[in-house]
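A short worksheet on the structure shown next.
Number of protein chains: 2
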Amino acid sequence: MLSKKTQYAFRALVHLAENYGKEPVKISTISIQQKIPLKFLEHILNDLKKADMLESKKGKGGGYRLSVSPKNLNLATVIRIINGPIALLPCVSLNFYEKCVDCDEETCGVRKMMLIARDATLKVLEKKTLYDMMNE
Amino acid sequence: MLSKKTQYAFRALVHLAENYGKEPVKISTISIQQKIPLKFLEHILNDLKKADMLESKKGKGGGYRLSVSPKNLNLATVIRIINGPIALLPCVSLNFYEKCVDCDEETCGVRKMMLIARDATLKVLEKKTLYDMMNE
DNA sequence: ATGTTATCCTATAAAATTAGTAGGCTTTTA
DNA sequence: TAAAAGCCTACTAATTTTATAGGATAACAT
């Protein structure tokens with residue numbers, strides 16, 4: 167399951183996607199409208215910024231904006247930044263790989279199945295974008 | 167990500183699958199051969215038993231055995247018993263549904279995408295079985 | 001220059017979940 | 001009736017998640 171933080175991140179990002187091309191949006195505005203704890207949201211947006219998904223501007227008239235078009239921001243990328251691995255096991259993770267203890271990767275059947283599951287999930291999450299999350 | 171407990175469960179179940187039709191297997195045997203903490207494994211096997219996935223027998227010559235063929239035990243079922251929901255959000259879970267706060271399910275774009283992801287993942291996990299996890 | 005507005009940064013704390021242990025109870029078999 | 005096994009309840013430790021607090025820094029307006 168995705169953490170609450172990740173849910174918040176998606177809600178905030180959709181909000182920003184709806185303001186793409188417009189003036190930057192303040193944390194406090196997103197916090198109120200999306201009902202996300204302000205200080206927690208601060209961290210979330212900062213994480214996304216560090217991953218170059220957002221741009222920010224300080225001072226009056228400042229705030230956050232998407233640094234790329236909603237159509238070019240896929241869901242897998244967001245999840246990896248905020249939530250971590252998408253795969254069900256570390257040993258089948260593309261971005262957060264860790265070797266299993268006591269398991270031969272060549273023959274491990276658990277791993278083999280989790281690889282297939284991962285590919286199925288990723289196929290969706292890498293194709294779908296923030297734009298797909300916005301209301302038509 | 168699946169919990170360590172779920173990884174242990176899969177290892178134990180594959181072990182039992184390889185002994186399907188034979189004598190029951192003792193917890194201690196599985197614990198040693200699969201390198202799973204014995205007392206922890208006790209809980210795991212008990213959970214699986216309560217879900218009617220395993221049968222047990224006490225006393226000498228006792229132990230655990232699968233109550234159905236490995237070909238009829240799909241991975242989604244195991245994950246739900248030990249790990250919980252497969253869906254990425256509670257509001258798209260078939261077996262552990264919970265309503266999101268502050269979200270209209272009809273229009274929520276996040277939910278819509280998570281539904282698609284869930285279906286893709288489930289399609290694999292419900293089709294693949296313990297048998298598929300065993301070595302050919 | 002200086003105050004205001006906003007993000008940025010670091011530390012801390014509370015709550016929840018996960019992982020594991022301990023120890024005695026019950027059932028089956030020899 | 002003793003042994004060998006699972007069964008049951010409670011507890012503890014570690015880790016992760018979900019925040020909160022408070023000041024530092026940057027941009028802008030007057």
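Chains as they are written, first to last, in our numbering: chain A, 167 to 302; chain B, 167 to 302. C-beta atoms are modelled at their ideal positions from N, C-alpha and C, and glycine is treated no differently.
Below-7 angstroms beta-carbon distance, residue i vs any chain B residue
{"i": "N301 (chain A)", "result": "yes"}
{"i": "P190 (chain A)", "result": "no"}
{"i": "P251 (chain A)", "result": "yes"}
{"i": "D268 (chain A)", "result": "yes"}
{"i": "V276 (chain A)", "result": "yes"}
Contact set for residue i: own chain, Cβ-Cβ below 7 angstroms, skip 5 residues either direction
{"i": "N249 (chain A)", "result": "L168, S169 and T172"}
{"i": "A283 (chain B)", "result": "L254"}
{"i": "K118 (chain B)", "result": "The displayed coordinates of chain B run from 167 to 302. Any statement about residue 118 (chain B) would go beyond what the structure contains."}
{"i": "L204 (chain A)", "result": "I193, S194 and S197"}
{"i": "D218 (chain A)", "result": "S233"}
{"i": "T287 (chain A)", "result": "I252"}
CB contact check: residue i to chain A, cutoff 7 angstroms
{"i": "A283 (chain B)", "result": "yes"}
{"i": "T243 (chain B)", "result": "no"}
{"i": "D298 (chain B)", "result": "yes"}
{"i": "R167 (chain B)", "result": "First, the amino acid is wrong: residue 167 (chain B) is Met here, not Arg. It does: the Cβ of M167 (chain B) has a partner Cβ on chain A nearer than 7 angstroms."}
{"i": "F176 (chain B)", "result": "yes"}
{"i": "M279 (chain B)", "result": "yes"}
{"i": "L291 (chain B)", "result": "yes"}
{"i": "T195 (chain B)", "result": "no"}
{"i": "L254 (chain B)", "result": "yes"}
{"i": "T273 (chain B)", "result": "yes"}
{"i": "N183 (chain B)", "result": "The residue you asked about is not Asn; residue 183 (chain B) is Ala in the sequence shown. Chain A contact via Cβ: absent."}
Delimiting residues of the beta strand (DSSP E) encompassing residue i
{"i": "Y230 (chain A)", "result": "G229 to L232"}
{"i": "K224 (chain A)", "result": "Segment: none, K224 (chain A) is in no beta strand (DSSP E) and carries neither H nor E."}
Top-ranked residue by Cα proximity to residue i, from the options
{"i": "C257 (chain B)", "options": "B:L241, B:M279, B:R246 and B:N240", "result": "B:M279"}
{"i": "V244 (chain B)", "options": "B:N261, B:D270 and B:E272", "result": "B:N261"}
{"i": "D298 (chain B)", "options": "A:R177, A:G225, A:T273 and A:S222", "result": "A:T273"}
{"i": "K224 (chain B)", "options": "B:Q199, B:I202, B:D285 and B:V191", "result": "B:V191"}
{"i": "K188 (chain B)", "options": "B:E221, B:R177, B:D270 and B:Y174", "result": "B:E221"}
{"i": "L207 (chain B)", "options": "B:K226, B:F176 and B:M300", "result": "B:F176"}
Contacting residues, own chain, Cβ-Cβ under 8 angstroms from residue i (five flanking each side not counted)
{"i": "K293 (chain B)", "result": "N240"}
{"i": "L291 (chain B)", "result": "N240, L241, A242, I245 and I252"}
Cut-off 6 angstroms between Cβ atoms - residues of its own chain near residue i, not counting five sequence neighbours on either side
{"i": "L296 (chain B)", "result": "L179, A183, P236 and L239"}
{"i": "I202 (chain A)", "result": "Y174"}
Residue range of the unbroken alpha helix (DSSP H) whose run includes residue i
{"i": "M299 (chain B)", "result": "L296 to M299"}
{"i": "T273 (chain A)", "result": "Where T273 (chain A) is concerned, there is no enclosing alpha helix (DSSP H), given that its DSSP letter is neither H nor E."}
{"i": "E184 (chain A)", "result": "K170 to E184"}
{"i": "I196 (chain B)", "result": "I193 to Q200"}
{"i": "A253 (chain B)", "result": "That residue, A253 (chain B), is in no alpha helix (DSSP H); it is neither H nor E in DSSP."}
{"i": "N212 (chain B)", "result": "L204 to K216"}
Inter-stretch contact (C-beta, 8 angstroms, three-pair minimum) for the stretch 179-198 of chain B and the stretch 209-229 of chain B: yes
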